[in-house]
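Residue numbers (my numbering), protein chains in the order written: chain C, 22 to 373; chain R, 20 to 398.
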Amino acid sequence: MSMKKHYQRPLDFKTGRIDMNHGAGGRASAQLISELFAPAFDNPFLRQGNDGAQLPAPPAGHALVMATDAHVISPLFFPGGDIGCLSVHGTVNDVAMLGAVPLYLSASFIIEEGFALADLRRIVESMAAAAREAGVPIVTGDTKVVEQGKGDGVFISTTGVGALPPGRQIGGALARAGDVVLVSGSIGDHGVAVLSQRESLAFETAIESDTAALHTLVAALLAAVPEGSVRTLRDPTRGGLATTLNEIAAQSGVGVLLDEAAIPMKPQVAAACELLGLDALYIANEGKLIAIVAPEVAEAALAALRAHPLGRDAACIGVVQADEHQFVQMKTALGGMRVVDWLAGEPLPRIC
Amino acid sequence: MKYVDEFRDAALARNLAAKIAAEVQPQRRYHFMEFCGGHTHAIARYGLAELLPASVRMIHGPGCPVCVLPIGRIDQAIHLALERGAIVCTYGDTLRVPASGGLSMMKAKARGADIRMVYSAADALKVARANPVREVVFFAIGFETTTPPTALVLRQAKAEGLKNFSVLCCHVLTPAAITHILQGPGVGPAGDVPLDGFIGPAHVSIVIGYAPYVPFALGYQKPVVISGFEPLDVMQSILMLVRQVNEGRAEVENEFTRAVSADGNRAAQAVMDEVFEHREVFEWRGLGEVPDSALRIRPAYAEFDAEVRFGLCYQGVPDHKQCACGEILRGRKVPTDCKLFGTVCTPENPMGSCMVSSEGACAAHYAYGRFRDIPVVAA
Numbered sequence: 022m023s024m025k026k027h028y029q030r031p032l033d034f035k036t037g038r039i040d041m042n043h044g045a046g047g048r049a050s051a052q053l054i055s056e057l058f059a060p061a062f063d064n065p066f067l068r069q070g071n072d073g074a075q076l077p078a079p080p081a082g083h084a085l086v087m088a089t090d091a092h093v094i095s096p097l098f099f100p101g102g103d104i105g106c107l108s109v110h111g112t113v114n115d116v117a118m119l120g121a122v123p124l125y126l127s128a129s130f131i132i133e134e135g136f137a138l139a140d141l142r143r144i145v146e147s148m149a150a151a152a153r154e155a156g157v158p159i160v161t162g163d164t165k166v167v168e169q170g171k172g173d174g175v176f177i178s179t180t181g182v183g184a185l186p187p188g189r190q191i192g193g194a195l196a197r198a199g200d201v202v203l204v205s206g207s208i209g210d211h212g213v214a215v216l217s218q219r220e221s222l223a224f225e226t227a228i229e230s231d232t233a234a235l236h237t238l239v240a241a242l243l244a245a246v247p248e249g250s251v252r253t254l255r256d257p258t259r260g261g262l263a264t265t266l267n268e269i270a271a272q273s274g275v276g277v278l279l280d281e282a283a284i285p286m287k288p289q290v291a292a293a294c295e296l297l298g299l300d301a302l303y304i305a306n307e308g309k310l311i312a313i314v315a316p317e318v319a320e321a322a323l324a325a326l327r328a329h330p331l332g333r334d335a336a337c338i339g340v341v342q343a344d345e346h347q348f349v350q351m352k353t354a355l356g357g358m359r360v361v362d363w364l365a366g367e368p369l370p371r372i373c
Numbered sequence: 020m021k022y023v024d025e026f027r028d029a030a031l032a033r034n035l036a037a038k039i040a041a042e043v044q045p046q047r048r049y050h051f052m053e054f055c056g057g058h059t060h061a062i063a064r065y066g067l068a069e070l071l072p073a074s075v076r077m078i079h080g081p082g083c084p085v086c087v088l089p090i091g092r093i094d095q096a097i098h099l100a101l102e103r104g105a106i107v108c109t110y111g112d113t114l115r116v117p118a119s120g121g122l123s124m125m126k127a128k129a130r131g132a133d134i135r136m137v138y139s140a141a142d143a144l145k146v147a148r149a150n151p152v153r154e155v156v157f158f159a160i161g162f163e164t165t166t167p168p169t170a171l172v173l174r175q176a177k178a179e180g181l182k183n184f185s186v187l188c189c190h191v192l193t194p195a196a197i198t199h200i201l202q203g204p205g206v207g208p209a210g211d212v213p214l215d216g217f218i219g220p221a222h223v224s225i226v227i228g229y230a231p232y233v234p235f236a237l238g239y240q241k242p243v244v245i246s247g248f249e250p251l252d253v254m255q256s257i258l259m260l261v262r263q264v265n266e267g268r269a270e271v272e273n274e275f276t277r278a279v280s281a282d283g284n285r286a287a288q289a290v291m292d293e294v295f296e297h298r299e300v301f302e303w304r305g306l307g308e309v310p311d312s313a314l315r316i317r318p319a320y321a322e323f324d325a326e327v328r329f330g331l332c333y334q335g336v337p338d339h340k341q342c343a344c345g346e347i348l349r350g351r352k353v354p355t356d357c358k359l360f361g362t363v364c365t366p367e368n369p370m371g372s373c374m375v376s377s378e379g380a381c382a383a384h385y386a387y388g389r390f391r392d393i394p395v396v397a398a
């Protein structure tokens, strides 16, 4: 992969653009890797320079956990983040939500011909910083270029591998009646931050995406309560809190009863949703988790979440209940009751 | 949220609920239709039915512009995009409305139609300016609320001399629809559909004022209370209706005084008058053909009228035979009376108008209220 640099003009990160050569697997591809990806993500595994990375096995008794996520977002840059850090956080979180310790990531890029190298560098550096901050190296990757009009700037897929300590069982099917539902902070921040930047919709808001790697928050939570008392962890991304709770209810064969007044939400998020006719319960989050825990540890779990910087606004928002229909219901702030249903299709603004 | 949270206060809601409960007469039942989908949505979303006495029944009327859009009109929009190569711009929640042949605008988009979601009529105009060699059609739907912005873009397009912009006008009118319901079968003193009063439209009334409702409040002896969309607005309006019924009055009262006047927005009405005229008849999904209930573009703006420009002929398409939307919209049935509800007809796969938008009676009941009755398993 090493190149005689003086024989080749370096990449123009000011005005240069991705062209089909960068994905052809030849010299231009190698240059993109050696001048952008390799130095940004640098680590011993990546330096092996092979088609795959050779990794140490997890400690004896640990199980391997793997998660993969494709990231497609418009716009690519939004208040509080970009597709780069999002692609690291999303996959780290998917691994962490099983109670595993995230160890390694892979990354694959599909870049559209004509994409500005300056933007690609910004994304890659953001990704590298997120991976470093999380302590989860990107150990292997791939780059493809598609013709103009056949992509949307850049798509990034990441896969994460983690190690699950012996005996730990956390999953969507393990919630049971009587358990308590916790959320680690205010909902809807990411979705509203992204909406505010959409070309057709641009509105001003102080809301930033909450995108963050949650594995240290999960570690703090698990350390504070006895093994087995955290039944389910899930990050409510697409489809938001509502859809995630419906998934858990269906997996576990239980119902959920939420208390609307207890669900943390920033006033700006509530206002933006009001304006657009959207329901914040269905808006995406990228730095929040839902924890379903045994009732006897609810207090300790909440305290552990609140003691961590990413869980300061954690709240107890409801309980799991026996319900053959697996309804997620909510006591409204006005004292009424309603179902909080699955998201039907994409959330679309109402007309009036 | 200033000016919003004040209208969602739980203590005030309990207080209003207690007042309603105290004032309903024990021997009486009260049937009120909320015309607007916005009210239906608020009632469902905030669980207001739980706060009302059992003797007060809310009937969800036809006031959701997406729900009442007939299949034939969506077909026209899809035809323009798929067969005539036009860019069709539309409001978001129109995308899911079922059309003929298993299509919807969203499904047509997946088949290559250039259909773009816009947040305003002005955005459609921007698309036209940015694509001078393409025909751009704005699929204009909605009640009097969304009509003035459509009128303004038509005026703007004419002023600019835009050659590639037109509007497929499907704007409908509120008072005509309410009159149609009151004249429908089974309504009235001898009929099987008791209707004791109406919660009147909020946003529509900002434009047209509350005066247009006076003739039928008097003529049909049905009280109307113009109401805001916040939950306390709705509760207060129900209390006002209960009082009118108890006192034997049938007047138009205005709960939404912070936004609605008797005459409405004169400037908005003027631009609507300049650009639009009444259609003799227009098909409403679920209600059939309703006389004098919609608008078309005046001849002076014919070059911007998509129906004229593309020589479109309207072809009505019947709803599913077992669909009970028409009777649900008239208050003769509730969603769970329909054989299709929750089985064949769901929000993911709506068959009838009431299941289409979140403001529709069936969709609202499916999404928010079905825990009360039938064990529907979510898709």
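A virtual CB, placed ideally from N, CA and C, is assigned to each residue, including glycine.
Judged by their CB atoms, residue 66 (chain C) and residue 59 (chain C) are not nearer to each other than the 8 angstroms cut-off. It is roughly 24 angstroms from the alpha-carbon of residue 109 (chain R) to the alpha-carbon of residue 311 (chain R). Residues of the region 61-74 of chain R with a C-beta less than 8 angstroms from any C-beta of chain C: 63, 64, 65, 66, 67, 68, 69 and 70, listed in chain order. Closest option to residue 86 (chain R), judged by alpha-carbon separation, among R:383, R:182 and R:372: R:372.
Look at residue 28 (chain R) here: in three-state DSSP terms it is coil, with no helix or strand label.
Residue 141 (chain C) and residue 240 (chain C) have their C-alpha atoms roughly 33 angstroms apart. For residue 173 (chain R), the closest alpha carbon among the candidates R:360, R:185 and R:392 is that of R:185. Annotation: the continuous beta strand (DSSP E) that includes residue 163 (chain C) extends over 159-167.
Of the other Cβ atoms in all chains shown, fewer than 16 fall within 10 Å of the Cβ of residue 282 (chain C); this residue is therefore exposed. Residue 306 (chain C) counts as buried, since at least 16 other C-beta atoms from the protein chains shown sit within 10 angstroms of its C-beta. Residues of the region 377-391 of chain R with a C-beta atom less than 9 angstroms from some C-beta of chain C are 377, 378, 382, 385, 386, 387, 388, 389, 390 and 391, listed in chain order. Fewer than three pairs of CB atoms, one per stretch, sit closer than 8 angstroms, so the region 186-203 of chain C makes no contact with the region 85-95 of chain C. Scanning the region 174-199 of chain R for uninterrupted beta strand (DSSP E) segments of 3 residues or longer gives 184-190, listed from N- to C-terminal end. The beta carbon of residue 53 (chain C) sits closer than 6 angstroms to those of 43, all from its chain and outside the five residues before and after it, given in chain order. Counting along the chain, residue 234 (chain C) sits inside no beta strand (DSSP E), nor does DSSP assign it H or E at all. Apart from sequence neighbours up to five positions away, the residues of its chain that approach residue 362 (chain C) with a beta-carbon distance below 8 angstroms are 263, 267 and 349, ordered along the chain. For residue 151 (chain R), not one C-beta of chain C is nearer than 8 angstroms to its own C-beta.
Taking the CA atoms as reference points, residue 377 (chain R) sits about 10 angstroms from residue 64 (chain R). Membership of residue 226 (chain R) in the alpha helix (DSSP H) is indicated by the continuous run 222-227. If you check the CB distance, residue 308 (chain C) and residue 203 (chain C) do not come in under 8 angstroms. By the 16-neighbour rule on beta-carbons within 10 angstroms, residue 68 (chain R) is buried. Residue 296 (chain R) has a beta carbon lying at 8 angstroms or more from every beta carbon in chain C.
Collapsing the DSSP output to three states places residue 41 (chain C) in a helix. For residue 354 (chain C), a Cβ of chain R is located within less than 8 angstroms of the residue's own Cβ. Within the DSSP secondary-structure output, residue 303 (chain R) pairs in a beta bridge with R:307. For the region 348-375 of chain R, residues whose beta-carbon sits nearer than 7 angstroms to a beta-carbon of chain C comprise 366 and 367. Taking a C-beta distance under 8 angstroms as the contact criterion, residue 166 (chain R) and residue 258 (chain R) do not qualify as a contact pair.
By alpha-carbon distance to residue 175 (chain C), the top candidate from C:51, C:38, C:253 and C:226 is C:38.
The beta carbon of residue 279 (chain R) does not come within 8 angstroms of any beta carbon belonging to chain C, so the residue lies off that interface. Taking the CA atoms as reference points, residue 313 (chain C) sits about 46 angstroms from residue 107 (chain R). The beta-carbon of residue 360 (chain C) is placed less than 8 angstroms from the nearest beta-carbon of chain R. Within the same chain, Cβ atoms closer than 7 angstroms to the Cβ of residue 343 (chain R) are found at 352, 356 and 357, the five residues on either side in sequence being excluded. The three-state secondary structure of residue 46 (chain R), taken from DSSP, is coil. Residue contact with chain C for residue 130 (chain R): absent (no Cβ-Cβ distance below 8 angstroms to any residue of chain C). In the structure shown, residue 350 (chain C) adopts extended strand secondary structure according to DSSP, grouped into three states. Taking all protein chains in view, the Cβ of residue 161 (chain R) is crowded by 16 or more other Cβ atoms within 10 Å, so the residue is classified as buried.
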